[in-house]
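Heads up: the structure comes next, in structure tokens.
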Amino acid sequence: RRIPVKLLENESPSLNPEVVINNSVTLLEYKLANAIKKILTPQRPVILFTRGHGELNELQTGDLEASLQQFYDTDRITLDSLVQLSPQKCALLIVAKPRSSFSEQDKFKIDQYVMQGGRILWMIDRLNADLDSLRGSPPRFLPTDYPLNIEDMLFKYGARIQPDLVLDLESSSIPLGSRGSQQLELYKWYYFPTVMPVGNHPIVKNLDRVELHFCSSIDTIRTKTAVNKTILLTSSKYSRLQFSPIDLNFDLLRYDPDPAKFNKGNQTVGVLLEGVFASNYENRVSQEMLAGLKQLNVNYRNESEPTRMIVISDGDVAANFVRDPNAKEWYPLGYNRFEGSTYANKDLMLNAIEYLIDPNGVIEARAKEVKLRLLDTVKARKEQTQWRLINIAVPLLFLGLFGWFFNWRRKRRYAR
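For the sequence shown, this note's numbering begins at 114 and goes up steadily by one.
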């Protein structure tokens, strides 16, 4: 069995080439150890994507699943067709951009999966904002809340996705044409922030920017049980918020942005929750639910085993653009076809999934830091002539002195 190891990180316009080299050296131990571990692992963990609530389909997550299937078994499940969801059979549950309501039965199955120690990656759009909604005439749209019915669960677990949209001056671009013109130009679209991973957590350490679409801010909530909250992704300090109801249109592109209005600071858009979670159904379990658990010979749990989950306020963070649905062709995850640049969405997803499944594994090696003693390029250019002369002249001087001394000693010896 063979696993390729990528030794050099991708170059990025936002990173100095020397930083790219430093990051590559820092991650070298992790990449080699990770490859060896995956070769030696006899049983492949199972990752399940939920479906039945308008989630991303197989084509939209095609690139991510293709990468995952090198090391994991992936599949899709409809929760209402399951009797029970078990961590022994499902190492990780992924909920990627649901757009319709979860029933109480589905929520109860997810809740008890968490109580048994199950791990979840939530990628949730709070509002149904979409760029395609602005293709009409006139190009205006009023986003509304998705009726997901999972807000109470996330709140109980320690996170609340607000009904707002984050706008960021540090954003990616979209192509637009002037009225009556066929020529397209790229404009900064502030609803597509390119967020920087924060902190030194192994999931985000040394990651480049991640592109998000119509994300919302996340508040962390004080919980009854001990849940540690680690912020993974934030917008830049040049951010602002728009609260629902929002009149979504292209009018803001007609004028240069006023930085004074983008003054809300860094907004949390991705958070890791770890610890013991309280059940969302504490003190309100119906007799029907208890009877169902009894038939399965499973006890209801009020508190979870120590476990973890990640909440990201954008469902498209894991979605690749589908080039040809019939041929099942897609662009790489994170690739912006308008700019021709690649963001770190795939690396973020793979790191997050690996950490959720095995937090004490080799991913801890990502947290190590290697400082290369890089040259001061300005000083090097300024003094390059001086050091070239020294490097040439000093060896020649030593060689000449050695030759003179050798001849002098030889003459002195034979003169006797």
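Using N, Cα and C, we set each Cβ at its ideal position, and we do this for glycine too. Here the structure is a predicted model, which means the values were calculated and not measured.
Inter-residue spacing [alpha-carbon to alpha-carbon] between F215 and S349: Here residue 215 corresponds to residue number 102 of the sequence shown, with the count starting at 1. Here residue 349 corresponds to residue number 236 of the sequence shown, with the count starting at 1. Computed Cα separation, rounded: 33 Å.
Residue range of the alpha helix (DSSP H) that includes S530: In the structure as shown, the chain begins at 114 and stops at 529. Residue 530 is therefore absent and cannot be evaluated.
Complete alpha helix (DSSP H) runs within the region 215-291 (minimum length 4 residues, chain order): Taking 4 residues as the minimum length, the alpha helix (DSSP H) runs contained wholly in the region 215-291 are 217-228, 264-270, in order along the chain.
T455 versus L469: straight-line alpha-carbon distance, rounded: Here the question's residue 455 lines up with position 342 in the sequence shown. Here the question's residue 469 lines up with position 356 in the sequence shown. When rounded, the separation of the alpha-carbon atoms in T455 and L469 is 24 Å.
Element boundaries [beta strand (DSSP E), containing I331]: Taking the sequence shown and counting its residues from 1, one reaches residue 331 at position 218. Per DSSP, the continuous beta strand (DSSP E) segment holding I331 begins and ends at 331-333.
Cβ neighbours of G378 in the same chain (closer than 6 Å, five flanking residues each side left out): Translated into positions along the sequence shown, residue 378 becomes position 265. So the list reads K350, once near-sequence residues are dropped.
Cβ separation of H326 and F356, assumed to be a contact under 8 Å, to the nearest whole Å: In the sequence shown, counting from the first residue as 1, residue 326 sits at position 213. In the sequence shown, counting from the first residue as 1, residue 356 sits at position 243. Their Cβ separation, rounded to whole angstroms, is 18 Å, which puts H326 and F356 out of contact at 8 Å.
Where Q355 falls: helix, strand or coil (DSSP): Residue 355 sits at position 242 when you count from the first residue of the sequence shown. Strand.
Nearest candidate by alpha-carbon position, reference G175, set Y444, Y413, W521, I466: The sequence position of residue 175 within the sequence shown is 62, counting from 1. Each of Y444, Y413, W521, I466 was checked against the Cα of G175, and the nearest Cα belongs to Y444.
Status (buried if at least 16 other CB within 10 Å, exposed otherwise) for N415: Translated into positions along the sequence shown, residue 415 becomes position 302. Using a 10 angstroms sphere on the CB of N415, the tally of other CB atoms stays under 16, which defines it as exposed.
Buried or exposed (CB count within 10 angstroms, at least 16 for buried), Q182: Here the question's residue 182 lines up with position 69 in the sequence shown. Its Cβ having fewer than 16 others within 10 Å, Q182 is exposed.
Beta-carbon proximity check, P358 vs G388, cutoff 8 Å: By 1-based counting over the sequence shown, the position of residue 358 is 245. By 1-based counting over the sequence shown, the position of residue 388 is 275. At a Cβ-Cβ threshold of 8 Å, P358 and G388 do not count as neighbours.
Minimum C-alpha distance to N262 - residue among R248, Y226, Q218, I287: Counted from its first residue, the sequence shown places residue 262 at position 149. Nearest of R248, Y226, Q218, I287 to N262, Cα basis: Q218.
For E416, the three-state DSSP class (helix, strand or coil): Translated into positions along the sequence shown, residue 416 becomes position 303. DSSP places E416 in strand when its eight states are reduced to three.
Nearest-angstrom Cα separation, counted from A457 out to A146: The residue given as residue 146 occupies position 33 in the sequence shown. The residue given as residue 457 occupies position 344 in the sequence shown. Note on geometry: alpha-carbon atoms of A146 and A457 lie some 21 Å from one another.
Beta strand (DSSP E) segment containing T498, residue limits: Start at 1 with the first residue of the sequence shown, and residue 498 comes out as number 385. Taken as a continuous stretch (DSSP letters only), T498 belongs to no beta strand (DSSP E), being part of the alpha helix (DSSP H) at 497-528.
Nearest-angstrom Cα separation, counted from N341 out to K495: Sequence index remark: in the sequence shown, residue 495 carries index 382 (1-based). Sequence index remark: in the sequence shown, residue 341 carries index 228 (1-based). Roughly 50 Å separates the two Cα atoms.
V384 versus I503: straight-line alpha-carbon distance, rounded: Taking the first residue of the sequence shown as position 1, residue 384 is located at position 271. Taking the first residue of the sequence shown as position 1, residue 503 is located at position 390. Between the C-alpha atoms of V384 and I503 there is a straight-line separation of about 54 Å.
Beta-carbon spacing of R212, Y259 below 8 Å: Residue 212 sits at position 99 when you count from the first residue of the sequence shown. Residue 259 sits at position 146 when you count from the first residue of the sequence shown. In this structure, R212 lies near Y259, with their beta-carbon atoms less than 8 Å apart.
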